[in-house]
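Everything on this sheet refers to the single structure shown next.
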Amino acid sequence: MIKHTLEQSIKEVLEELGITGTVFTVERQAESSHGDYATNAALTCAKLAEMSPRGLAEKLVTALTEKNFPFVEKLEIAGPGFVNMFLTAEALADEAKRVSKEDTEGLSVRGGEKVNIEFVSANPTGDLHIGHGRGAFFGDALARVLLFAGAGVTREYYINDSRESNQVKELGKTGLGQGEQYKTPHLESMIAEMEFAGFAPENVGFALAERVQEYNRAFVTEKLGIRFDEWYSEDEHLRATGANDRTLALLKEKDVTYEKDGALWLKTSEYGDDEDRVVVRSDGTKSYFISDITYHHEKFARGFQTVIDVWGADHHGHVKRMHAVGKILGWPENPPQPIIFITQLVALKEGGERKKMSKRAGNVILLEDLVDELGIDVVRWFFSEKALGSHMEFDLGLARERSAKNPVFYVQYAHARMCSIERNVEGLASSGRNDIAVLAETTPSARALLSAINAFPEVVSGVAHTHDVHKLPVYAYELATAFSHFYRDVRVVEGETYHPDALALVQSTKNILRTTLDLMGISSPEKMEREVEAA
RNA sequence: GCCCCCGUAGCUUAAUGGAUAAAGCCGCGGACUUCUAAGCCGUUGAUGGGGGUUCGAUUCCCUCCGGGGGCACCA
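Just so we're aligned: 141 in full-length UniProt numbering is position 141 of the first sequence, and the numbers increase by one with no gaps anywhere.
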């Protein structure tokens, strides 16, 4: 990609000037007066070079000019010492063609890597709520991007269904009418249809958890459109197989456990955690933690180099203990594995007033209701446009009102328009105008569209490295905008003929836009009906 | 009390330490005999307070204020 070429060229020139081991960036510029790309190299390296930033910038420009790169139109020094680089229209057009043809097939920036990404993993005690949505759509989009970037990706959903767990036992009590935990109208209807009369009390919880899980699985697969490769049952893989027992033996062998108050503790505090943690309770049952340890240890044993977890903010306290275990068991470091993403919770608002979203208080919005009401594309976009760390506020009334104005429609509409142009061209003769470079030079919006197309591999490989999935919708919107402007200025259909270079540009754009939407799991409609005017 | 996260325009959100802080929604004002008006053009409007590091801070550090979450032999 062009950016990479520029980076290499600058690095080369810096080295020839005797400046090595430097840190600088080359960034695409939104402001056209800043060129297509700009670098801060002269600013970051000035001290090392013992020169003023502008002085170094001048040397840089001179050296780059001498290189005579064919794709460089001109170089300018601006502000405190930025070097703005303007590319030739030919270079932009050639690159756009290449990007659309090659890069939409996939990249290789994380090629060969085996990645396991575990997300959602909602407890089998009830329905998914909107808080689960963040992790769900983030995880799925990240998985899509990593796959696209060449990695081997396994999407995994962990089910806390161990018969030994307290939550399954509590669920059982509720199933038998002896408890209130997890009780919702939906759960009650499941209980009603299950006829627990003949069940041994200790099996009710597990049976009910299976029923809930079955429902959640269908919901995630069909309505959310997230295809997990592995539905990993704690009870089946970790408890029943004795894997947890083997983990315990391993930990004892490593001498990192001790007994206190009748329970068995793991010395996580010696490895960076705030305190030690119980792995076997005083009643002899195993805590959830031992399963977590076994589960992750097993992931590395399955050969994943990268193990990613997406957790809600209410689990942030588990990060330290998990990484402590990593040190004990020798999981990959740098960065410490598993790589854990914390999604901030979603606060509820109603009529402008903030409410606490508490599972106990029951004022949750179910993810399913949201999807039914707004449609999966709107919901996906809504969640994936926010950075994980933002504490988003959610007002269902507002969401309803705004769904019709969701930016996702703007982007999809642009795609539908491109499809429409293709349909309109059918049967027409080419005007034979092969003037894409001229077009780019004379029409700013055409040049801007080429530039937006060229950004695709940079954006996606950036996301593949930084995991900032929310940059995808930003890019999709930018591309759609660039297209809308191009559409305003340049006609593809001209009377009885069509403009072939303009058509090719539209097709390239369509290809990139569809690929980007695919990475977010959002559909690319070929037609969109006119919006019905509100009465 | 301890730990994590957040505070940007009226609202919802952007901004690897960079140039004039960016979008959408809302508001106001335009253009229609041309490939879909869910579009296009113009416009009002913001970094919670105070210090510090830096050539440069929304970003990093300290502190105060405000908000969310977590601190079980539950998961």
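Quick reminder that beta carbons are idealized off the backbone N, C-alpha and C, glycines included. For clarity, every value in this text was computed on a predicted model and none was experimentally measured.
Bridge partners for Tyr410 per DSSP, in chain order? None, per the DSSP bridge assignment.
Could you give the first and the last residue of the continuous beta strand (DSSP E) run that contains Leu107? Secondary structure note for Leu107: it is in no beta strand (DSSP E), with a DSSP letter that is neither H nor E.
Could you pull out every residue in the same chain whose Cβ sits closer than 6 Å to the Cβ of Lys169, ignoring the five residues on either side in sequence? For Lys169, where only same-chain residues beyond five positions count, the Cβ hits under 6 Å are Gly205.
Is the Cβ-Cβ distance between Glu118 and Tyr182 less than 8 Å? No.
Restricting to runs no shorter than 3 residues, where is the beta strand (DSSP E) found entirely within the stretch 215-274? Entirely contained in the stretch 215-274, the beta strand (DSSP E) runs reaching 3 residues are, in chain order, 230-233, 257-260 and 263-266.
DSSP three-state assignment for Gly427, whether helix, strand or coil: coil
Go ahead and pull the three-state DSSP assignment for Leu366. strand
In terms of alpha-carbon separation, which member of Glu373, Asp276 and Phe199 lies closest to Arg402? Glu373
Integer-rounded CB distance, given that Ala42 should sit under 8 Å from Leu64: The Cβ separation is near 11 Å, so there is no contact.
State buried or exposed for Lys74, treating a residue as buried only when at least 16 other CB atoms are found within 10 Å of its CB. exposed
Since Trp311 sits in a beta bridge, which residues does DSSP pair it with? Ile342
Please name the residue, chosen from Thr44, Leu48, Gly81 and Leu87, that lies closest to Leu6 on a Cα-to-Cα basis. Leu87
Assuming residue 536 and Ala149 form a contact by the criterion Cβ under 8 Å, report the distance between their Cβ atoms to the nearest whole angstrom. Any answer about residue 536 is impossible in this case: the structure gives the chain only from 1 up to 535.
Whole-angstrom C-beta distance between Met85 and Val72, which should lie under 8 Å: With a contact defined as Cβ atoms closer than 8 Å, Val72 and Met85 qualify at about 6 Å.
Going by Cα to Cα distance, which pick from Gly330, Gly312 and Leu329 is closest to Phe341? Gly312
With a 10 Å radius around its C-beta and 16 neighbouring C-beta atoms as the bar for buried, classify Ala93 as buried or exposed. buried
For Pro70 and Val61, I'd like the C-alpha separation in whole angstroms. 15 Å
Which residue's Cα is closest to the Cα of Thr221: Gly521, Pro525, Met528 and Glu526? Gly521
Any chance the stretch 284-303 sits against the stretch 232-241, with 3 or more Cβ pairs inside 8 Å? yes
For His129, which beta-bridge partners are listed by DSSP? Leu366
Rounded to the nearest angstrom, how far is the Cβ of Asp395 from that of Lys349, given a contact under 8 Å? Their Cβ separation, rounded to whole angstroms, is 4 Å, which keeps Asp395 and Lys349 in contact under 8 Å.
Tell whether a beta-carbon distance below 8 Å holds between Val339 and Val307. The question names Val, but residue 339 is Ile in the sequence shown. Closer than 8 Å, so yes.
Suppose contacts are defined by Cβ-Cβ distances below 8 Å. Is Pro336 in contact with His316 by that definition? No, Cβ-Cβ distance for Pro336 and His316 is not below 8 Å.
What residue range is occupied by the uninterrupted alpha helix (DSSP H) comprising Tyr288? Tyr288 to Ala301
If I measure Cβ to Cβ from Val506 and keep anything under 7 Å in the same chain, skipping five residues before and after, which residues do I get? Closer than 7 Å at the Cβ level, and outside the excluded window around Val506, lie Met418, Ile421 and Val492.
Proximity winner among Glu188, Ala455 and Leu472, relative to Ser508 (alpha-carbon distances): Among Glu188, Ala455 and Leu472, the Cα nearest to that of Ser508 belongs to Ala455.
Rounded to a whole number of angstroms, what is the C-alpha to C-alpha distance between Thr155 and Ala197? One point to set straight first is that residue 155 is Arg, not Thr, in the sequence displayed. About 37 Å.
What residues in its chain sit with their C-beta under 6 Å from that of Leu251, if we drop five residues either side in the sequence? Thr257
Mind the definition here: the stretch 479-490 touches the stretch 429-446 only if three or more C-beta pairs lie below 8 Å; say whether that holds. yes
Between the C-alpha atoms of Arg360 and Glu180, what's the straight-line distance to the nearest angstrom? Confidence in Arg360 is poor, its pLDDT being 41 and thus under 50, which makes the residue's placement too unreliable to answer from.
What's the call for Asn123, buried or exposed, on a 16-neighbour Cβ count within 10 Å? buried
Given a cut-off of 8 Å on the beta-carbon distance, is the pair Thr497 and Leu428 in contact? yes
Outcome for Arg400 when other beta-carbon atoms lying within 10 angstroms are tallied against a minimum of 16: So Arg400 counts as exposed.
State buried or exposed for Pro80, treating a residue as buried only when at least 16 other CB atoms are found within 10 Å of its CB. exposed
So the alpha helix (DSSP H) Ala78 belongs to, where does it begin and stop? No alpha helix (DSSP H) contains Ala78, which is instead part of the beta strand (DSSP E) from Val72 to Ala78.
Since Val364 contacts Leu370 with CB under 8 Å, what's their CB separation in whole angstroms? Rounded, the Cβ-Cβ distance is 11 Å, inconsistent with contact.
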